[in-house]
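Protein chains in written order, with our numbering: chain A, 795 to 951; chain B, 348 to 891.
Idealized CB from N, CA, C, for every residue including glycine.
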């Protein structure tokens, strides 16, 4: 066995074993909520585990939705924050499980969704860029945001 | 409902029992039982209340008010106890939650069912997916139904070709044909959110058969087989298995929807011996937004391209005096040098190291690229020899690749480019230079480059899907027989190792999961006899 492997292999094994308990979760729902609505005093759940109203000073300042889509084979957990008019404020990837295609987490790619409404095309290769090597993930996340806007993007009552 | 039907409920069912039909979606058995306890206790309390109200019916006044109060106190204590038990229990996993809303339609409707419109102001469903809770039981199998095995999904990709091509073995005669090139099953098993099993089970050329009427001469093979330990974003471990060398772009992304020609790009037909799969283990991760890496250690490629059966029991090439085909030569590049994947049949102890760096800079939307390299200290197999019985010494192999893909924002244009070079440590020790064939010799290096332009044309919605056409042109040049030859052979290459390829065609995507292709390929080399390998091919590829 080459000398460098004798040093690196045990270290890699130790790191693997000691880290196995930590989920590869980039954000929790609570963290994503805070990022999307830093001024919110509270989040009122309107669908269990799915949708929350962000409130501040007794007023609704937006809607926060948790959902997941299939990337290639496994689920991608993501959240969408909408303003009271139904415009996208922010999209975050909470968990990406697959080994390829994780580029959908890139901030520059997710930033494309900001300002989109239920009237936006939200179509890959039109108003959303495709990601080579993550074609299915980019299509599916786009499709997921579009579905959320179709459902919740008509303004909050 | 329970109140109206309580009498029936008490007579038809055992007290404090619950059936699956009664169980609210999302409640597992234990939680449902506790909930039923609460409901039943409440029911009894209501019964008692009714009895109190019926004071004017002496026949029913068998229980005194004092006894009733004691009983109510007892029930109250019981309710509190059950409530606290409910709070202690973990939330019910959503795996047991059948959807109560219609599944959305469309090609990507296999995710979470969308809530109904204006649902934000309504009461929440009894149970929905809880954030952060894994839902293995809802993983699809073949995209059609929930997996019967929690956590298992099976995808697939494949491609088949048809058309006409020149047969160089028949003097360039044009011949029609069909090839079910590959059908690949992709089982993925999510052991946990952090431990993922992946495999590719590939059937090439419609598989294999033994009888004359089968008319099959294909293969069934394991192309990938590994378990990923997802540790942190920056560092993940792929346990030893069968994996793809992290070099170039197409080797790891070789599904037919990733390129536009019917045949794989030419640089991956020898210079990069795609599908370059090896026994190996790797670490990978994301260094920062838009920068990823992978480093692999693997069994080395080997300079042996003969039949598997010609490996000896001693795990050597055939003994001196018996000729064998090289794994590396000036006509097929590295195409026959991949290490075997089974039965401890590798012919070298050497370990190769490879790695790649992927970049997709935020300042240049649509641009992505990579640099990658592979190094083996020695590709000479055990017992390697020339045709005069002399044993061959070591020769290292290094391969470098750089490539980019640029989809120009707000236009239909896409550009791709790639350069790859292989460097041999000691060509004098390569079998091709010592096999008595003067035409297949190898120099110090091999190299190739390609450039491609494509244009994306939306075709609108057809058959409930957004179609896109991508006409393209790709030029490739390769030199597999550069200077620097050394060895015992006479060196008389014909020029067949200096190649140019022109590919022009169109790929039509009815969906990102399906592509219909047509490609004309012109092959030029410097052999006076010509390449005689032009083709006009159609193809169908899919990935889901």
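Under the three-state reduction of DSSP output, residue 861(A) falls in the strand class.
The C-alpha of residue 748(B) is placed about 29 Å away from the C-alpha of residue 883(B). Identification of chain A residues near residue 533(B) by a Cβ-Cβ cut-off of 9 Å yields 866, 867, ordered along the chain.
Counting C-beta atoms within 10 angstroms of its own C-beta, residue 774(B) has 16 or more neighbours from the protein chains shown and is therefore classed as buried. Spanning the alpha carbons of residue 603(B) and residue 649(B) requires a straight line of approximately 28 Å. Apart from the 5 residues on each side of it in sequence, residue 831(B) sits with its Cβ closer than 8 Å to the Cβ of 774, 790, 791, 792 in its chain, given in chain order. Per DSSP, the continuous beta strand (DSSP E) segment holding residue 577(B) begins and ends at 564 to 579.
Taking a cut-off of 8 Å on C-beta distances, the region 589 to 608 of chain B touches the region 707 to 719 of chain B, as three or more cross pairs fall below it.
Residues of chain A whose Cβ lies closer than 8 Å to the Cβ of residue 815(B) are, in chain order, 919. Residue 553(B) and residue 524(B) have their C-alpha atoms roughly 14 Å apart. With a threshold of 8 Å between beta carbons, residue 912(A) makes no contact with chain B.
As DSSP reads the structure, residue 506(B) sits in a beta bridge with 529(B), 888(B). Counting only residues of its own chain and dropping the five nearest sequence neighbours on each side, residue 772(B) has a CB closer than 6 Å to the CB of 742, 743. Taking a contact to require three or more Cβ pairs closer than 8 Å, the region 573 to 593 of chain B and the region 620 to 634 of chain B qualify as touching.
Contacts with chain A (Cβ-Cβ distance below 9 Å) from the region 630 to 644 of chain B involve 630, 631, 633, 636, 637, 639, 644, listed in chain order. For residue 848(A), the enclosing beta strand (DSSP E) stretches over residues 845 to 850. With a cutoff of 8 Å on beta-carbon distance, residue 858(A) and residue 837(A) are scored as near each other. When Cβ-Cβ separations below 8 Å define contact, residue 883(A) makes no contact with chain B. CA-CA distance, residue 543(B) to residue 891(A), rounds to 8 Å. Where residue 885(A) is concerned, there is no enclosing alpha helix (DSSP H), although the beta strand (DSSP E) around it starts and stops at 882 to 890. For residue 584(B), the enclosing beta strand (DSSP E) stretches over residues 582 to 591.
From the beta-carbon of residue 849(A), no residue of chain B is found nearer than 8 Å; the closest lies around 13 Å away. Look at residue 685(B): its C-beta is not under 8 Å from any C-beta on chain A. Rounded to whole angstroms, the gap between the alpha carbons of residue 937(A) and residue 583(B) is 28 Å. The C-alpha of residue 869(A) is placed about 11 Å away from the C-alpha of residue 887(A). For residue 856(A), the beta-bridge partners assigned by DSSP are 848(A). Contact of residue 926(A) with chain B is assigned, a C-beta pair being separated by under 8 Å. Under the DSSP definition of a beta bridge, residue 513(B) partners with 521(B). Between residue 799(B) and residue 614(B), the C-beta gap is not smaller than 8 Å, which leaves the two residues out of contact.
Contact check for residue 852(B) against residue 819(B) passes: the beta carbons are separated by less than 8 Å. Per the coordinates, the alpha-carbon of residue 515(B) lies some 29 Å from the alpha-carbon of residue 733(B). Here residue 557(B) is exposed, its C-beta having fewer than 16 other C-beta atoms within 10 Å.
In the three-state reduction of the DSSP assignment, residue 734(B) falls in the coil class, being assigned neither a helical nor a strand state. Pairing residue 825(B) with residue 846(B) gives a Cβ-Cβ distance under 8 Å. Beta-bridge annotation (DSSP): residue 794(B) is paired with 768(B), 826(B). At least one CB of chain A lies nearer than 8 Å to the CB of residue 715(B).
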